[in-house]
């Protein structure tokens, strides 16, 4: 009887060891969606119903651009600066719980982006070339 119990306990221990990393990966993926400090009220899906109440921060040389993402600064005179020292100030937008309004004509898929520079359309975390933004 002891022989039949021993393989079972080793099997369950082995399964636990194998499932633990899988569980940790699943939890990590779920947590990366939004941090507590910058999640909108009502969760990530409530973003569409929340109207931005303030203008996004100024950035770039002499403050001529606007923050359009965590490390993206764009303006008509400067184009888009991504991951540069001028765009570092845009990280501070994550500290605010209130969303900001990016100025510029709507563009992109389902008009979810804004024209932020000549020929450039940006959504929350990425920018692309768009002929509507000329």
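Residue numbers (this note's numbering): 330 to 463. For each residue, glycine too, the CB sits at the ideal point set by N, CA and C.
Candidates the options: which alpha carbon is nearest residue i's?
i: residue 484; options: 412, 348 and 383; result: Examination of residue 484 is not possible in this model, given that the chain is present from 330 through 463 alone.
i: residue 412; options: 344, 439, 438 and 455; result: 455
By how many angstroms is the C-alpha of residue j removed from the C-alpha of residue i?
i: residue 385; j: residue 429; result: 5 angstroms
i: residue 453; j: residue 391; result: 23 angstroms
i: residue 410; j: residue 349; result: 41 angstroms
i: residue 405; j: residue 433; result: 10 angstroms
i: residue 425; j: residue 451; result: 20 angstroms
i: residue 423; j: residue 408; result: 22 angstroms
i: residue 440; j: residue 399; result: 20 angstroms
Which same chain residues, not among the five before or five after residue i, have their C-beta less than 7 angstroms away from its C-beta?
i: residue 388; result: 394, 395, 396, 402, 415, 416, 418 and 419
i: residue 421; result: 386
To which residues of the same chain is residue i closer than 6 angstroms at the C-beta, ignoring the five residues directly before and after it?
i: residue 448; result: 458, 462 and 463
i: residue 431; result: 385, 397 and 443
i: residue 436; result: 442, 444, 450, 459, 461 and 462
i: residue 347; result: none
i: residue 438; result: none
i: residue 334; result: Any reading at residue 334 needs caution, since the residue's pLDDT is 47, under 50, leaving its predicted position unreliable; the model's value is listed next. Around residue 334: no qualifying Cβ.
Just grab the DSSP bridge partners of residue i for me.
i: residue 396; result: 402
i: residue 388; result: 394
Excluding five sequence neighbours on each side, which residues of the same chain lie with their C-beta closer than 8 angstroms to the C-beta of residue i?
i: residue 332; result: Caution is warranted here: a pLDDT of 46 is assigned to residue 332, below 50, making its placement in the model unreliable, and the coordinate value is therefore given only provisionally. Hits under 8 angstroms: none found.
i: residue 446; result: 403, 404, 405, 407, 408, 409 and 462
Residue ranges of each alpha helix (DSSP H) within the segment 404 to 428, 4 or longer: Counting only runs of 4+ residues, no alpha helix (DSSP H) is found wholly inside the segment 404 to 428.
Whole runs of the alpha helix (DSSP H) within the segment 431 to 462, excluding any shorter than 4 residues: None, since the segment 431 to 462 contains no complete alpha helix (DSSP H) of that length.
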